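Q: One structure, pasted below without further comment.
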Amino acid sequence: MTALETRAPVEAPAAAPAARGRVRRAALFLARRPGLVLSILFLAAVLLAAFFPSLFTARDPLVGVPADKLQAPSAEHLFGTDQTGRDLFARVIHGANLSLRATVIAVAVALVVGSLVGLLAGYVGGWLDDVAMRLVDVLLAIPQLLLTLAIVTVLGFGTTKVAIAVGLSTVANFARLMRAEVLRVRTAVYVEAARATGARWYSILRRHVLPNALGPIGAYAALDFGLAILAVSTLSFLGFGAEPPTPEWGSLVSTGRDYLATAWWLTTLPGLTVAATVLATNRVSRALGGGGEEHR
1 MTALETRAPV EAPAAAPAAR GRVRRAALFL ARRPGLVLSI LFLAAVLLAA FFPSLFTARD
61 PLVGVPADKL QAPSAEHLFG TDQTGRDLFA RVIHGANLSL RATVIAVAVA LVVGSLVGLL
121 AGYVGGWLDD VAMRLVDVLL AIPQLLLTLA IVTVLGFGTT KVAIAVGLST VANFARLMRA
181 EVLRVRTAVY VEAARATGAR WYSILRRHVL PNALGPIGAY AALDFGLAIL AVSTLSFLGF
241 GAEPPTPEWG SLVSTGRDYL ATAWWLTTLP GLTVAATVLA TNRVSRALGG GGEEHR
């Protein structure tokens with residue numbers, strides 16, 4: 001008890017400078033990268049809009065005032081109004097929920113299915129590896145948008161089905177990357193040592209191979225998030241998403257095409273929202289994946 005009491009005052013002061021040093025380094029890192037800070041703040045606002053839209057607007061996205069139709073952006077209507085008098089800003093805010101939910105489902109499907117295929121193919125090898133990789137080669141040979149359209153045609157319309165189609169179309173990329181990481185990790189000394197001690201194959205996969213192969217997969221998933229937003233918005237633009245009048249980012253851009261000459265904001269502002277979200281996601285994912293050396 002005496003030893004513990006005498007040692008505690010020595011360790012406590014040493015931890016505080018280390019914590020302050022980490023905070024200082026993080027603050028310096030962000031101060032040199034204003035683009036990354038803006039991207040983080042913008043993504044935080046998008047996430048808040050998706051889960052708590054009432055923080056940004058109290059207007060109903062489905063109810064319009066016909067007398068206010070096709071009004072240009074103003075202080076009362078930040079993004080203007082559509083052809084039925086609905087507030088476009090409210091529709092964009094509420095559309096973030098469906099669009100981001102579909103994106104998360106798409107990335108999750110691609111991550112889980114692709115990682116499982118690549119993990120088994122890389123670790124088991126043999127005929128399983130040959131069959132899996134030939135299937136991956138076939139999928140990679142098909143343009144992703146064409147493959148997504150084929151899958152969603154089979155599954156049907158709806159936001160969830162669009163998300164699953166987008167996820168399945170990118171499974172091959174995750175499978176190939178996971179296989180490459182598993183092939184690298186399975187020859188490591190600690191994996192060979194685990195085999196020598198008689199560890200079960202599933203124990204080696206769970207405790208050694210999978211944790212050490214997930215780093216690049218996580219970074220790629222962050223990069224794929226922005227591409228998934230574009231893919232989901234594209235299918236929604238083509239009419240495969242939620243049924244009108246439910247707002248989705250892609251469907252908002254599609255609806256505004258008929259009024260592009262007289263009401264440019266109906267297409268431009270939702271489109272800029274999608275573009276800004278994708279760019280911000282890519283900027284943050286580059287920083288997470290080791291691309292933070294850029295001072296932008």
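Heads up: the sequence shown runs through residues 1 to 296, numbered per UniProt numbering.
Ideal Cβ positions, reconstructed from N, Cα and C, are used throughout, including at glycine.
Since the structure is predicted, the reported quantities are computational estimates derived from the model, not experimental observations.
1. Pull up the DSSP beta-bridge partners for Asp87, would you.
2. Could you give the DSSP three-state label for Ser285: helix, strand or coil?
3. Which of helix, strand or coil does DSSP assign to Ser74?
4. Helix, strand or coil for Ile204? Go by DSSP, reduced to three states.
5. In three-state terms, what does DSSP make of Phe240?
6. Do Gly215 and Arg176 have their beta-carbon atoms positioned less than 8 angstroms apart in this structure?
7. Could you check the C-alpha separation between Phe56 and Phe240 for me, to the nearest Å?
8. Give me, in chain order, the residues of the same chain whose beta-carbon lies closer than 6 angstroms to that of Pro61; leave out the 5 immediate sequence neighbours on both sides.
9. Measure the alpha-carbon distance for Arg186 versus Glu192 and round it to whole angstroms.
10. Within its chain, find whatever has a CB closer than 6 angstroms to the CB of Thr66; leave out the 5 residues flanking it on each side and keep chain order.
11. Rounded to the nearest angstrom, how far is the Cβ of Ala163 from that of Ile105, given a contact under 8 angstroms?
12. When DSSP labels each residue in this structure, what does Glu248 get in the three-state scheme?
13. What residues in its chain sit with their C-beta under 8 angstroms from that of Ala276, if we drop five residues either side in the sequence?
14. Which class does Thr187 belong to by DSSP, given the choice of helix, strand or coil?
15. By alpha-carbon positions, which one of Leu252, Ser251, Leu272, Glu243 ends up nearest to Gly158?
16. Just tell me which of Leu227, Asp87, Ala261, Tyr259 has its CA closest to the CA of Ser99.
17. So, do the stretch 67-80 and the stretch 260-275 have three or more beta carbon pairs nearer to each other than 8 angstroms?
18. Is it buried or exposed, Glu76, if we count other Cβ atoms within 10 angstroms and call 16 or more buried?
19. Using the beta-carbon count (16 or more within 10 Å), is Ala102 buried or exposed?
A: For this structure:
1. On the sequence shown, position 87 is the one that residue 87 refers to. Thr81, per the DSSP bridge assignment.
2. Walking along the sequence shown from the start, residue 285 turns up at place 285. If DSSP states are grouped into helix, strand and coil, Ser285 belongs with the helices.
3. Sequence index remark: in the sequence shown, residue 74 carries index 74 (1-based). In the structure shown, Ser74 sits in coil (DSSP, three-state: anything other than H, G, I, E or B).
4. Sequence index remark: in the sequence shown, residue 204 carries index 204 (1-based). Reduced to three states, the DSSP call for Ile204 is helix.
5. Translated into the one-based positions of the sequence shown, residue 240 becomes position 240. Here Phe240 sits in coil by DSSP.
6. The residue you call residue 176 lines up with position 176 of the sequence shown. The residue you call residue 215 lines up with position 215 of the sequence shown. Contact: no.
7. Indexing the sequence shown from 1 puts residue 56 at position 56. Indexing the sequence shown from 1 puts residue 240 at position 240. Their Cα atoms are separated by approximately 28 angstroms.
8. Residue mapping note: residue 61 aligns to position 61 of the sequence shown, counting from 1. Taken in chain order, the residues that qualify are Ala90, Arg91, His94, Pro247.
9. Numbered from 1 along the sequence shown, position 186 holds the residue referred to as residue 186. Numbered from 1 along the sequence shown, position 192 holds the residue referred to as residue 192. When rounded, the distance between both Cα atoms is 8 angstroms.
10. If you number the sequence shown from 1, residue 66 lands on position 66. Going by the sequence as given, residue 66 is Pro instead of Thr. So the list reads Gly85, once near-sequence residues are dropped.
11. Taking the first residue of the sequence shown as 1, we reach residue 163 at position 163. Taking the first residue of the sequence shown as 1, we reach residue 105 at position 105. About 4 angstroms; that satisfies the 8 angstroms criterion.
12. One-based indexing of the sequence shown puts residue 248 at position 248. Correct three-state label for Glu248: coil.
13. Translated into the one-based positions of the sequence shown, residue 276 becomes position 276. Once the five neighbours on either side are set aside, the close Cβ partners of Ala276 are Phe42.
14. Indexing the sequence shown from 1 puts residue 187 at position 187. Thr187: coil per DSSP, three-state reduction.
15. Numbered from its first residue, the sequence shown carries residue 158 at position 158. Of the listed residues, the one whose Cα sits closest to Gly158 is Glu243.
16. In the sequence shown, the residue the question calls residue 99 occupies position 99. Ranking Leu227, Asp87, Ala261, Tyr259 by Cα distance to Ser99 puts Leu227 first.
17. yes
18. Against the sequence shown, residue 76 aligns to sequence position 76. Glu76 is exposed by the Cβ-count criterion.
19. Taking the first residue of the sequence shown as 1, we reach residue 102 at position 102. The residue in question, Ala102, is buried, as its Cβ has 16 or more Cβ neighbours within 10 Å.
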